[in-house]
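If you count by the numbering used here, then the sequence shown holds residues 7 to 240, one letter each, in order. The beta-carbon is built from N, C-alpha and C at its ideal position, and this holds for glycine as well. The model shown is predicted, which means the values in this text are computed figures rather than measured ones. Step one of this worksheet: look at the structure below.
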Amino acid sequence: MVKIAVCDDLQQDQQLLVSLIEQLDPFDGQFILDRFSSGEALLASERRPYDMVVLDVQMPEMSGYRTAQLLRETDTKTVLAFLTGVAAPTVEVFRVTPFRYLMKQMSREELSQELAACFHEVERTNQYITFQSGGDLLRLSVSSILYLVIQGRSVDVITDQGRYNLRLKMAQLQEMLAPHGFGCCHKSYLCNFSRIISVSSNSVIMENGDILPVSQPKAKSFKSEFLHFAKTTV
Numbered sequence: 007m008v009k010i011a012v013c014d015d016l017q018q019d020q021q022l023l024v025s026l027i028e029q030l031d032p033f034d035g036q037f038i039l040d041r042f043s044s045g046e047a048l049l050a051s052e053r054r055p056y057d058m059v060v061l062d063v064q065m066p067e068m069s070g071y072r073t074a075q076l077l078r079e080t081d082t083k084t085v086l087a088f089l090t091g092v093a094a095p096t097v098e099v100f101r102v103t104p105f106r107y108l109m110k111q112m113s114r115e116e117l118s119q120e121l122a123a124c125f126h127e128v129e130r131t132n133q134y135i136t137f138q139s140g141g142d143l144l145r146l147s148v149s150s151i152l153y154l155v156i157q158g159r160s161v162d163v164i165t166d167q168g169r170y171n172l173r174l175k176m177a178q179l180q181e182m183l184a185p186h187g188f189g190c191c192h193k194s195y196l197c198n199f200s201r202i203i204s205v206s207s208n209s210v211i212m213e214n215g216d217i218l219p220v221s222q223p224k225a226k227s228f229k230s231e232f233l234h235f236a237k238t239t240v
């Protein structure tokens, strides 16, 4: 699920952006859209990091630029678009690497084109994978997936956003996710190497604190795959 945030203290401008994004309906409709009226509220959001943030530069209390500075300390991959009524951006603004600089004077058509460019940049810089389960489609950021676990005849996908159930076989999911850095620590578990905190002889600790079992038949190959991943992604 793609996460988008709009931050603007003026409700009229905020609503315009929200309506344009909803009208464009990006990412096959698989997105969450949050709105904020201050930089402080955006920074406090439990849904961070966002894949895309549209941020008003001129806001009371904390400015959009200061908000972006603090955002960039951790959210380095977020596609950032500044919204402003000021004609010329300052040098400081570009130090937080915005992808687009949107003018409030732009027409709806022009803003829509710029937003579409931001959506394409999100696609380019982030790996997404779409699962088809029955007649349903589930689109997830690969980096948001912690692990998968067999639940009866289906598989639960545990992500930063919550738990999703897929009517798919683990073997199918392993084939899809192995190229993205996933490995089996147990016949019932498939975990994201990039979200692992530690690996021992009989368990794996994930970033969310969950402890997964490591089975004896899988232990050697799993540790070997994990070490290879760690060395090649440094």
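Tell me whether residue i is buried or exposed, calling it buried when 16 or more other Cβ atoms sit within 10 Å of its Cβ.
i, result
"A122", "exposed"
"V59", "buried"
"P66", "exposed"
"G70", "buried"
"E52", "exposed"
"I38", "exposed"
"L233", "exposed"
"G1", "For residue 1 there is no data in the structure shown, the boundaries of the chain being 7 and 240."
"N198", "buried"
"I27", "buried"
"I217", "exposed"
"H126", "exposed"
The alpha helix (DSSP H) that contains residue i, what's its start and end?
i, result
"P223", "222-238"
"S25", "17-30"
Per DSSP, which one or two residues make a beta bridge with residue i?
i, result
"A11", "D40, V59"
"M182", "M182 pairs with nothing; no bridge assigned."
"R169", "I164"
"S206", "DSSP, once it has assigned bridges, lists no residue as partnering S206."
"T136", "R145"
Are the CB atoms of residue j and residue i within a distance shorter than 8 Å?
i, j, result
"L172", "S204", "no"
"H186", "V148", "yes"
"R130", "V102", "no"
"S207", "A236", "no"
"K110", "L89", "yes"
"D62", "C124", "no"
"S113", "L30", "no"
"M68", "I135", "no"
"D40", "A11", "yes"
"L76", "L49", "yes"
"M7", "L146", "yes"
"V161", "L154", "yes"
Does residue i come out as helix, strand or coil in the three-state DSSP assignment?
i, result
"M112", "coil"
"T2", "A question about residue 2 goes unanswered here, because the residues of the chain that appear run from 7 up to 240."
"A87", "strand"
"R106", "strand"
"V148", "helix"
"D34", "helix"
"L121", "helix"
"Q200", "Note that residue 200 is Ser in the sequence shown here, rather than Gln. DSSP places S200 in helix when its eight states are reduced to three."
"M176", "helix"
Which residues bound the beta strand (DSSP E) around residue i?
i, result
"T73", "Unbroken run through T73 is the alpha helix (DSSP H), 70-78; no beta strand (DSSP E)."
"L49", "Careful: L49 lies outside any beta strand (DSSP E), inside the alpha helix (DSSP H) at 45-49."
"P66", "Looking at the DSSP string, P66 is not in any beta strand (DSSP E), and its letter there is neither H nor E."
"V210", "209-212"
"G189", "188-192"
"V163", "160-165"
For a test of your reading of the model: does the CB of residue i fall under 7 Å from any non-hydrogen atom of the ligand SAH? Yes or no.
i, result
"R53", "What this structure holds is no ligand at all, so the ligand SAH is not there to describe."
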